[in-house]
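Residue numbers (the working numbering): 139 to 347. Input: a single structure, listed below in structure tokens.
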Amino acid sequence: MIQATDIGSAVSSGIEIGRGISEVGLLAIAAGFFVVFSIMNLLLFYGIFKKLFNNLMEDKKVNENELRDSILDLSKQLEPMSDESRFRNVETIKKIAAKEFELSVEQVCNVINNVKTDNHVADNESYIQDKLRRLLNNIHRERSNYFTAFKHNGHQLNFYINPKWAERVIDVAFSEVYDPIDNPKRTRSNVKAIYDEIKIEFVSNLMAK
139 MIQATDIGSA VSSGIEIGRG ISEVGLLAIA AGFFVVFSIM NLLLFYGIFK
189 KLFNNLMEDK KVNENELRDS ILDLSKQLEP MSDESRFRNV ETIKKIAAKE
239 FELSVEQVCN VINNVKTDNH VADNESYIQD KLRRLLNNIH RERSNYFTAF
289 KHNGHQLNFY INPKWAERVI DVAFSEVYDP IDNPKRTRSN VKAIYDEIKI
339 EFVSNLMAK
């Protein structure tokens, strides 16, 4: 026979079991709701972040385009000034070089005259040639050193000098020293002619290099 106490105990156990199942179900529902809520928040935040990121990138692109356009406009405005400045710089250098080459003409002519006057050129040709070469190379090096004080396109002016120019001047000087007819006007004319060629080549180097 089942007693009343047993029935009561069974009913209590059943209620506890039902209550446990109910609580577990509520926890499962709450957990599921929390997961869904978290995912929705993540999607929302991702959407907001993506929109902000895209807006920043668009703004950056616009700013870069505006900056590039501004630089191009400024370059166009400054181009005439830059060309004028470059032209003035070249013209100034040409005047400096012309003055130095004219000075070299006079120096070379003086060397030729002094060698012919102070030495018996026919007696010791080797010595005279060495002396001429030494004196004329000194003139060439002195001018090159002076040119280091000026620059064009990032280079010192001696960058535009051809080392072979000195040899061409020396050849002219040799021929004048050993010419039996002393003619200072002819000597100056020949020396000036070679320096005029050098000056033209110098300017060409300025424009080409």
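The beta carbon of each residue, even a glycine, is placed where N, CA and C say it ideally should be.
TODO: Hey, could you find the ends of the alpha helix (DSSP H) L270 is sitting in?
DONE: 263-285
Checklist line | Outcome for R272 when other beta-carbon atoms lying within 10 angstroms are tallied against a minimum of 16 | finding: exposed
- Using a Cβ-Cβ distance under 9 Å, would V329 count as near chain D? No chain D appears in the structure shown, which is made up of a single protein chain.
**Request:** Determine the contact status of V243 and V329, defining contact as a CB-CB distance below 9 Å.
**Result:** For V243 and V329, yes; Cβs fall inside 9 Å.
**Asked** Are the beta-carbon atoms of V253 and Y333 separated by less than 9 Å?
**Response** no
Notebook entry, point to check: Can you tell me whether I338 is buried or exposed, with buried defined as 16 or more other CB within 10 angstroms of its CB?
Noted result: exposed
Alpha helix (DSSP H) segment containing P322, residue limits:
322-346
- [ ] Could you name the residues that DSSP lists as bridge partners for Q294?
- [x] K289
| With a Cβ-Cβ cutoff of 9 Å, do I308 and F285 count as a contact? | no
Original post:
Would the beta-carbon of A235 fall within 9 Å of that of L274?
Top reply: no
If you check the beta carbons only, do H293 and N227 fall under 9 Å apart?
-> no
Buried or exposed by the 16-neighbour rule on C-beta atoms within 10 Å, applied to I266: buried
For the alpha helix (DSSP H) that D309 lies in, which residues bound it at each end?
302-315
Is the distance from the Cβ of R281 to the Cβ of E238 below 9 Å? Yes; because the gap between Cβ atoms is below 9 Å, this pair is in contact.
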